[in-house]
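Asks: Numbering (this note's numbering), first residue to last: 3 to 183.
Here a beta-carbon is modelled for each residue, glycine too, at the ideal position from N, C-alpha and C.
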């Protein structure tokens with residue numbers, strides 16, 4: 003079973019495709035990385051020593067929200083075709099009362115992601131951030147560093163995945179593997 007985990011964002015969207023044959027085994031990382039939704043030129047971004055080197059987009063001038071959303075849609079469609087997931091897992095919307103605009107911006111990215119998944123006809127799994135954190139670390143309020151170190155330990159990586167969005171996407175996919183398997 004292949005599961006694609008996605009950590010939505012409008013600047014950085016983390017993704018990770020894991021493959022497993024049983025729910026009780028540590029899955030294999032097929033590919034992991036981020037979509038850097040800030041431009042049109044290409045740059046390389048590596049998620050881990052065992053994960054495939056991925057392509058990310060970078061630029062000095064930030065395009066409009068609609069341009070980023072279009073880029074996210076294209077990148078996600080290409081990824082789905084390339085990794086051929088059986089399921090896609092996405093982190094559900096989280097908003098902090100101190101930053102209400104973040105929920106609106108994240109909602110735009112999640113909408114594009116959910117549409118791409120539906121268009122591809124792939125079953126969707128959604129998980130709350132606290133559930134993903136608890137599934138990975140044992141408690142639901144782990145910080146980014148704890149998430150990165152936990153992913154490093156579980157998968158036997160030489161170093162923690164960076165940026166943190168990659169670790170989050172791996173954790174989301176792992177949570178889905180454990181629940182869907």
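(1) Residue 92 and residue 33: beta carbons closer than 8 Å?
(2) Buried or exposed: which applies to residue 10, given that a residue is buried once 16 or more other Cβ atoms fall within 10 Å of its Cβ?
(3) Using C-beta distances below 8 Å, list every residue in its chain close to residue 143, excluding the 5 sequence neighbours before and after it, in chain order.
(4) What first and last residue would you give for the alpha helix (DSSP H) that runs through residue 1?
(5) Roughly how many angstroms lie between the CA atoms of residue 26 and residue 66, to the nearest whole one?
(6) Can you tell me which residues form a DSSP beta bridge with residue 155?
(7) According to DSSP, simplified to helix, strand and coil, what is residue 22?
(8) Check whether the stretch 15 to 30 and the stretch 162 to 182 are in contact - that is, three or more C-beta pairs closer than 8 Å.
(9) Tell me whether the stretch 169 to 177 and the stretch 3 to 22 touch, counting them as touching only if at least three CB pairs, one residue from each stretch, are closer than 8 Å.
Replies: Per the coordinate set shown:
(1) no
(2) buried
(3) 132, 135
(4) The structure shown does not extend to residue 1, since the chain is modelled only from 3 to 183, so the question has no answer here.
(5) 43 Å
(6) Answer is none; residue 155 lacks a bridge partner.
(7) coil
(8) yes
(9) The stretch 169 to 177 vs the stretch 3 to 22: in contact.
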